[in-house]
Amino acid sequence: MSSINLKCDVLIVGGGLVGSTLAYALAQAKISTVLLEAHDPDFLEQPSFDDRVTALANGSQRIFQGLGLWDALKEVVEPIKSIHISERGCFGTSKIIAEEEGVSALGYTIENRVLGDKVWSQLSEFNSLTCLAPAKLDCLSIVNDAVTAGVKTKSGRCKVQAKLVVAADGVRSKVREEMGISVQEYTYEQHAIIFNCQTEIMHHGQAFERFTSNGPLAFLPLRRDRMGVVWTLDPKQAEKVISLDNKQFALELKSVFGSRLGRINRIGSRATYPLKRVRSDVLTARRSVLLGNAALSLHPVAGQGFNLALRDIAAIAELLADTNHADSKADLGNDELLACYQASRLADQRRVSQFTHGLVRLFGYNSGLLAMTRGLGLMTFDLLPGAKATLARQTMGLNGRLSRLSRGLPLSS
Ligand SMILES: Cc1cc2nc3c(=O)[nH]c(=O)nc-3n(C[C@H](O)[C@H](O)[C@H](O)COP(=O)(O)OP(=O)(O)OC[C@H]3O[C@@H](n4cnc5c(N)ncnc54)[C@H](O)[C@@H]3O)c2cc1C
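Residue numbers (my numbering): 12 to 424.
So, in structure tokens, the structure goes:
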């Protein structure tokens, strides 16, 4: 059994979308970093990089621009020109149009697999970053001013010592468990079926969000005239629908969505996600920060999870880069820095969590009066520029205090 020992300033556990993006940001700031990822990122079974489609808000586009990654991404994203919102069986509909909001796109879509691949392919360029994959965090201890991680790799075990550990290891975070941080869970009794498809009528950059009595159904425009679909159903219906053959599945889907996009063709592989909100009680603990799904896992109805995590990445990367820049020997896991991070991010986290949860609950009940209010809400929403602008700003990721990266500026300026 081999035993290597690595020392660094920041240990990131989890190299999914969140951990790998933070690793890239810290490497740019020349902060000595080790990234641990349980799966081999080259293998197709890396679950973080599956067929899901992420809708990147404009705020996220600016963060990628500040990081210098947007040039690689802009070739592979699809701009969202409008979002059409409707409710099955109700008269109200609403449309948010990029031009009306004074932007060229409301956001951009990209497959998680493509995004993950683009970020990971850049990670080998930096001397300050060591990537261990496949390598799994096994245990964690904090003694005096250092965190020590026990890691299992293919060739045996090793130890990594750091000043700060970042939990980017997903909703069942081992770091969070080892730090004894508790969570609040809310089960939605809904499953999301995700898949990509082609439609008879081209999308022309239109996204569709349709609220049904079972949950929301979203069609997102993708490159090469494909669409990414997130179909939310109660668990029993999801189980029934997922087992249908492609032809029956397409017919069932069309009966819910209608014929706005014509026939639904070339349905790709389907995956099911049980939906929960899992919110950790704190964003930081001694020498540790929780990010992404480890901090807050959301219902996908408003496509906010990764966009919120990017703003968290921008904030923590800026604090670490500034501290390191001021004094290259500074302790990057110090209490003051962590308190500053938590204070700067808590309000945005709470707002997005409440906004998303509220949206699911508003459209998750079937009372006639509520349905009518929702119908009127969607109709008047179109007539109320203020309300629409608020939703558009939330969707585009423009609410809250903006870090340098969030303004499209590099970390070091
Ligand atoms: C159906 C669906 C649609 C969505 N759509 C959108 C959208 O449009 N826009 C948006 O902003 N968000 C969206 N989201 C949310 C988004 O997918 C998440 O915010 C994002 O995936 C979180 O990434 P993460 O890196 O935090 O976690 P994960 O993707 O779970 O990654 C965690 C990583 O940690 C690794 N890991 C775990 N344990 C260990 C360990 N012990 N040691 C080492 N490594 C470990 C795992 O292998 C994995 O790679 C959606 C979510 C769902 C379910």
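Backbone N, C-alpha and C define an ideal beta-carbon position, used for all residues, glycine too.
Mapping the DSSP letters down to three states, classify residue i as helix, strand or coil.
i           : result
residue 300 : strand
residue 176 : strand
residue 333 : helix
residue 248 : helix
residue 23  : strand
residue 318 : helix
residue 46  : strand
residue 168 : strand
residue 260 : helix
residue 114 : coil
residue 340 : coil
residue 211 : coil
residue 311 : helix
residue 417 : helix
residue 59  : helix
residue 266 : helix
residue 125 : helix
residue 203 : strand
residue 306 : coil
residue 324 : helix
residue 295 : strand
residue 391 : For residue 391, the pLDDT reaches just 44, beneath the cut-off of 50, and the residue's location in the model is therefore unreliable, although a value from the coordinates is still provided. DSSP places residue 391 in helix when its eight states are reduced to three.
Excluding the 5 residues preceding and the 5 following residue i in the sequence, name in chain order all residues of the same chain whose CB lies nearer than 6 Å to its CB.
i           : result
residue 243 : 201, 203, 226 and 227
residue 355 : 326
residue 206 : 240, 278, 279 and 281
residue 284 : 203
residue 314 : 66
residue 88  : 119 and 121
residue 237 : 207 and 209
residue 342 : 174
residue 298 : 153, 158, 175 and 344
residue 395 : Since pLDDT at residue 395 reaches only 45, below the 50 mark, its modelled position is unreliable, and the value read off the structure follows with that caveat. If we look at residue 395 and ignore the five residues flanking it on each side, it has no Cβ neighbours.
residue 146 : 47, 162 and 164
Within the continuous alpha helix (DSSP H) that includes residue i, where are the two ends?
i           : result
residue 71  : 69-78
residue 351 : 346-373
residue 38  : 28-39
residue 84  : 81-84
residue 188 : 185-189
Looking only at its own chain, which residues have a Cβ that is under 7 Å from the Cβ of residue i, when we skip the five neighbours before and after it?
i           : result
residue 18  : 172
residue 149 : 161, 162 and 163
residue 416 : 74, 77, 78, 325, 328, 329 and 422
residue 109 : 92, 93, 115, 116 and 117
residue 420 : 77
residue 357 : 294
State the beta-bridge partners of residue i as determined by DSSP.
i           : result
residue 196 : 289
residue 138 : In the DSSP output, where bridge partners are listed per residue, residue 138 has none listed.
residue 237 : 209 and 233
residue 64  : 122
residue 275 : 210
residue 52  : Answer by DSSP bridge pairing: none, since residue 52 is not bridged.
residue 242 : 204 and 228
residue 143 : 47
So, at 8 Å on beta carbons, what are the nonlocal neighbours of residue i in its own chain, with the 5 sequence-adjacent residues on each side left out?
i           : result
residue 295 : 301, 349, 350, 352 and 353
residue 364 : 288, 290, 307 and 309
residue 426 : Given a span of 12 to 424 for the chain in the structure shown, any question on residue 426 remains unanswerable.
Starting from residue i and walking both ways along the beta strand (DSSP E), at which residues does that stretch end?
i           : result
residue 256 : No beta strand (DSSP E) contains residue 256, which DSSP labels as neither H nor E.
residue 149 : 146-154
residue 428 : Residue 428 lies beyond the stretch modelled for the chain, which goes from 12 to 424, so this question has no answer here.
residue 95  : 93-98
residue 122 : 118-122
residue 220 : 217-223
residue 17  : 16-18
residue 228 : 226-233
residue 105 : 104-108
With contact counted as at least three CB pairs below 8 Å, one residue from each stretch, are the segment 20-28 and the segment 178-194 in contact? The answer is yes - the segment 178-194 touches the segment 20-28, with three or more Cβ pairs under 8 Å.
Across the segment 108-124 and the segment 58-72, are there enough close Cβ pairs to call them in contact, namely three or more that are closer than 8 Å? Flag = yes, the segment 108-124 and the segment 58-72 touch.
At least 3 beta-carbon pairs within less than 8 Å: the segment 123-136 vs the segment 56-67: Two segments are said to touch when three or more pairs of C-beta atoms, one from each, lie closer than 8 Å; by this definition the segment 123-136 touches the segment 56-67.
Under 8 Å, with one C-beta from each stretch per pair, do the segment 44-54 and the segment 136-149 reach the 3-pair mark? Under the Cβ criterion (8 Å, minimum of three pairs), the segment 44-54 counts as touching the segment 136-149.
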